[in-house]
Every structure is written in C-alpha cells, then in structure tokens.
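Residue numbers (this note's numbering): 3 to 125.
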C-alpha cells in the first residue's frame, strides 16, 4: 500500500510540473529544432533572404507570392541527396514543399549572414 501511495504522489507532482512548464512555454516563442531538416530550415529562415534573378522571374511569371516560399521554408523537407551541405564557403540545399506545396521546390544557397534563393522549381 505504501508503494501505491508514493506512486500517486509522484504522478500528481509530474502532472502539476508538466502543466506549469506548459504554461510558461506557451507565453514564449519556443521551438524544438533538433532534427537535421528543422535546424537547416531554421538557419535559412533566420538569415536575410535574397532572391536571384531566376527566382524573381519564376515568381513573377507564375504569379507566386513570397509567402509560399516562406511556407516551404517553414514546413518543407530538405533533400540532402540533391544538396551540398559541406560546400565551402556557402552550403547549398534543395528543399521540397509538403502537403499543399508539394509541387514547389527551392534551391537555396546559405552563407554566413545571407540566404540566397537561387531557383524555384514548379511541377
């Protein structure tokens, strides 16, 4: 009986602690970017973005807003097979969209302080 009582107190403490942590994190803009894709996309999103002439031409000709590019950079999938992540001085990444943006792919060059959208591919 003593063991069940201790286990009950433990569960009550864990539940209260979890609710407190959830309450405090809800007020902050906390993200957990631990995967390779998430870290890469976050580093591209936090840098200043510049569009190349090819990318600007595709955006204008297909009448695509830059919010679609931002959506791909937020919820996209990095194809490391088509990317060059170890290239010096600037790594290059091929990012494909997910869900409703699966027909859009972006080729990005990520340098120290600038991310250049090199090309945009539409299927």
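All C-beta atoms in this analysis are idealised placements derived from N, C-alpha and C, irrespective of residue type, glycine included.
Residue interval of the alpha helix (DSSP H) (run including residue i)
i          : result
residue 4  : 4-28
residue 44 : 38-48
residue 58 : 55-63
Beta bridge counterpart(s) of residue i as assigned by DSSP
i           : result
residue 86  : 94
residue 107 : 98, 123
residue 77  : The partner list for residue 77 (beta bridge, DSSP) is empty, contrary to what the question assumes.
DSSP state of residue i mapped onto helix, strand, coil
i          : result
residue 70 : helix
residue 32 : coil
Inter-residue CB distance, residue i and residue j (contact presumed, cutoff 8 Å)
i          : j          : result
residue 75 : residue 46 : 6 Å
residue 1  : residue 54 : Any property of residue 1 remains undetermined from this structure, which presents the chain solely from 3 to 125.
First through last residue of the beta strand (DSSP E) which encompasses residue i
i           : result
residue 118 : 116-124
If contact is defined by three or more beta carbon pairs under 8 Å, each pair taking one atom from either stretch, is the segment 24-31 in contact with the segment 92-111? Not touching, per the Cβ criterion.
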